[in-house]
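Participant:
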Amino acid sequence: MSDTVAPKSFGDKLQSLPRTWLFLILLLAASVPLFVPIALPNAPSQSSEDFFANVMSLKAGDKVLVASDWTKSTRGESGGECEALLRMLIRKKIKIAMYSSGDPQAPQVFRDTIGEIAKDELDHGEAPYQQFQDYVVCGYFPNAEGTALGINNNLRGVFAGKKDSPPNGSPQDIFNSPVFQGVNSVSDFKYLIMITASNTERVTFERVKKTPLMFMVTGVMTPEDNVYYLSGQLKGLIGGVKGVFDLEQMMEKGLNVPGGVSAPRFGPVPGFPGKHNVGRGTSYYFALHACLALLILAIFAGNLGVWLSRRGARS
Amino acid sequence: MLHLLLDLDPPTFFNGDNGSPALILKIVLAFLVGIGLIFALMAAPLRLRRFIVVAVTFLSGLYYFLLWFFPAPISRGPTDAPNGPLESFSFLIADAVPSVVNVSNILSAVLIGLGIYSLLRIHLGRIVKQQKDWAFSLVLVVSLFTVAFFGYWDWIIRQGPTGGSLGAVPNDKWSFPLYAKDFFFEGFLQQMDSAMFSLIAFYILSAAYRAFRARSVEATILLLSALIVILASMGLIQSNWDNTIDATHIGFLKNIRLEDMRTWLNGTMQAASIRGLDFGVGVGLLAMALRLWLSLEPLGRES
């Protein structure tokens, strides 16, 4: 018996590329594009267009309930979604009541994010957007199912006793905030917008029926939630980095306005041209392209290896 | 509105003004009574314990069952009085929602505390006995207490008379505890959270490279579908491909526009499959819920 090992064929090598190299290339594909600002073409999805048009239809002083159930583990997607949404709501002077039932860290993450965005918008010429006056953080509710049910049936009962701080003072009952003036039921909010990276979106649309829902979810959650968008249960859906880029693009160009995104289903919906609309979506879209291209190439290489090996074995 | 014990205004023995020392004392006492009840339950005879668990499970499930199926009051005003015993009962079920939600939230919060207790029991034991990798346990326990300590210090300052003016982002009004909390929460915890989640990308690439092989007809269909969806998500490829097809003005080629193929795959194939799966899961969950509610699960009987 010979103890020499036959050299690997090219097909075999393609099927067993070293993982270290794959990971190194992925690292470069994910990070280098972040330093190369390239304007990529994009066609926003219908669900993103609906989301944008619905938010832009809100009037100054309208109120929305925001369920923020994300933390920095998904900041690439959820962070971008939250920031784009907050920029739109702040510019349109919409009042926000926020709660979380997904993660104990989520209220603090939301506080930090809205604090940063409000300061950035103020620095770019927008009116001050202040805690308690314009937005309140109702806190964390550990039981998502019960909380969603309670929000649908008796919003004030569920949020009773919660406090938040006005700009220059000690914490007060959130019902003293202008955000809750005239709000007796969840139906007094124009939308419940949920930014989530967990199953709380499912818990919510199974229970909250009295106000329209719109979701901002991660890329892997999009196919599941798309089912409910297609059935009309969701009025808008933003999914992953692509969804954030859709939103930022529409914020810059608008819908059905000269030079804007064409969507015959809507009338003209102007965006916020010239303002600070570039965010994580625009920054990360090229990196997403590079990573997806690498994924396709890796799969192609593996399959080419299988084909070459089979051909070699036959011959 | 019917007022339940927790909602009574002015407060009675069963509730208190929000944030008042009396309420905090009552919460502490209720917590101690709750722990006492747990120990009493553990000491009770097996038959009695089983009866209590089954009864509490059934009554809890019964409330939600009635909430869904008992006719709810329609267009009820805040001063409306119930008309007859049936409507009175439906008012009671509806009015109990906030109290039930509070109880369920408190129970879930206690579970978080139980998790911390369990974590400490295991890791403190490992540190005391200096078992293998005890240093990691030490890091865990020190981190837990450090973040909690600065978190509460920050919280207490923000509850003060100048709490509202401190702002969410660092500024010249911030003092050491606020910076320390921000450093540990934003600088450490959130960044590590982010780093952990990022690792998934490497495993996805590795798994896709090794598993996505066209070894059968089904695998090839799956591979091609995935390829179309991925390519359609890449604006650069999708817009160039679709624009090229649009420019040819050949009607047949419109069928292979990436955006249209992706929309068809998502809306027709994928949505239908997910709906089917959801129906199956839903029916399974219903059966499971019934078994749990009626304590038919073997574990329920054995306990």
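First to last, the sequence lines map onto chains A and B.
Quick note, the first sequence lines up with residues 21 to 335 if you use the numbering used here.
Quick note, the second sequence lines up with residues 380 to 682 if you use the numbering used here.
All C-beta atoms, glycine included, are put in the ideal place defined by N, C-alpha and C.
Bear in mind that the values here come from a model prediction, so they are computed numbers and not experimental data.
Chain A partners of S585 (chain B), CB-CB under 8 Å?
Facilitator: R39, L42 and F43
Participant: Name the two residues that bound the continuous alpha helix (DSSP H) containing A531 (chain B).
Facilitator: Sequence check: residue 531 (chain B) is Tyr here, not Ala. Note, Y531 (chain B): alpha helix (DSSP H), W513 to R537.
Participant: Out of curiosity, what's the CA-to-CA distance linking W553 (chain B) and I110 (chain A)?
Facilitator: 25 Å
Participant: Roughly how many angstroms separate the alpha carbons of F320 (chain A) and L105 (chain A), rounded to a whole number?
Facilitator: 38 Å
Participant: Expressed to the nearest angstrom, what Euclidean distance is found between the alpha-carbon atoms of L424 (chain B) and S497 (chain B)?
Facilitator: The sequence as given places Pro at residue 424 (chain B); Leu does not occur at that position. Pairing P424 (chain B) with S497 (chain B), the inter-Cα distance amounts to about 26 Å.
Participant: How would you list, in chain order, the residues of chain B whose beta-carbon sits under 8 Å from the beta-carbon of F292 (chain A)?
Facilitator: Chain B residues near F292 (chain A): none, gap ~21 Å exceeds 8 Å.
Participant: Starting from the Cα of S98 (chain A), find the closest Cα among A:V261, A:V326 and A:R331 and give me that residue.
Facilitator: A:V261
Participant: In the DSSP assignment, find the beta strand (DSSP E) that holds F235 (chain A) and state where it starts and stops.
Facilitator: Per DSSP, F235 (chain A) belongs to the beta strand (DSSP E) from L233 to V237.
Participant: Since K262 (chain A) meets chain B, which of its residues come closer than 7 Å, beta carbon to beta carbon?
Facilitator: S612
Participant: For M613 (chain B), which three-state DSSP category applies?
Facilitator: coil
Participant: Give the interface partners of N174 (chain A) over in chain B, defined as CB-CB distance under 7 Å, in chain order.
Facilitator: V476 and P477
Participant: Hey, how far is the Cα of R594 (chain B) from the Cα of W620 (chain B)?
Facilitator: Distance between the alpha carbons of R594 (chain B) and W620 (chain B): 28 Å.
Participant: How about M270 (chain A) and P64 (chain A): are their beta carbons less than 8 Å apart?
Facilitator: The answer is yes: Cβ separation under 8 Å.
Participant: Does the distance from the C-beta atom of R589 (chain B) to that of A598 (chain B) stay below 8 Å?
Facilitator: Not closer than 8 Å, so no.
Participant: Which class does K405 (chain B) belong to by DSSP, given the choice of helix, strand or coil?
Facilitator: helix
Participant: Given a cut-off of 8 Å on the beta-carbon distance, is the pair S77 (chain A) and L257 (chain A) in contact?
Facilitator: no
Participant: Let me check one thing: in DSSP terms, what residues is G259 (chain A) bridge-paired to?
Facilitator: A:V237
Participant: Quick check: is the beta carbon of Y496 (chain B) nearer than 8 Å to any beta carbon in chain A?
Facilitator: no
Participant: As an exercise, report each continuous alpha helix (DSSP H) stretch of at least 4 residues that is fully enclosed by the segment 548 to 630 of chain B, in chain order.
Facilitator: 555 to 561, 569 to 590, 596 to 612 and 614 to 627
Participant: Just to check my reading of the structure: P191 (chain A) and S197 (chain A) have Cβ atoms closer than 8 Å, yes? What is that Cβ distance to the nearest angstrom?
Facilitator: In fact, because the Cβ distance is near 11 Å, the residues do not count as touching under 8 Å.
Participant: Using a Cβ-Cβ cut-off of less than 8 Å, give me the residues of the segment 109 to 135 of chain A that come near chain B, in sequence order.
Facilitator: P124, Q125, Q128, V129, R131, D132, I134 and G135
Participant: Would you mind listing the beta strand (DSSP E) stretches within the segment 51 to 104 of chain A that are 3+ residues and don't spill past its ends, in chain order?
Facilitator: 83 to 89
Participant: Taking S282 (chain A) as part of the beta strand (DSSP E), name the residues at either end of that continuous run.
Facilitator: Neither: S282 (chain A) is in no beta strand (DSSP E) and is coded neither H nor E.
Participant: Which one of A:R330, A:A333 and A:C311 has the shortest CA to CA distance from L44 (chain A)?
Facilitator: Taking only the C-alpha atoms, the option nearest L44 (chain A) is A:C311.
Participant: Helix, strand or coil: which one does DSSP assign to I134 (chain A)?
Facilitator: helix
Participant: In angstroms with no decimal places, state the Cα-to-Cα distance between R537 (chain B) and P556 (chain B).
Facilitator: 11 Å
Participant: When we look at the beta-carbon of S251 (chain A) and count the other beta-carbons within 10 Å, is it buried (16 or more) or exposed?
Facilitator: With fewer than 16 other Cβ atoms within 10 Å, it is exposed.
Participant: Drop a sphere of 10 angstroms on the beta-carbon of H628 (chain B), count the other beta-carbons inside from all chains shown, and report buried for 16 or more, exposed for fewer.
Facilitator: exposed
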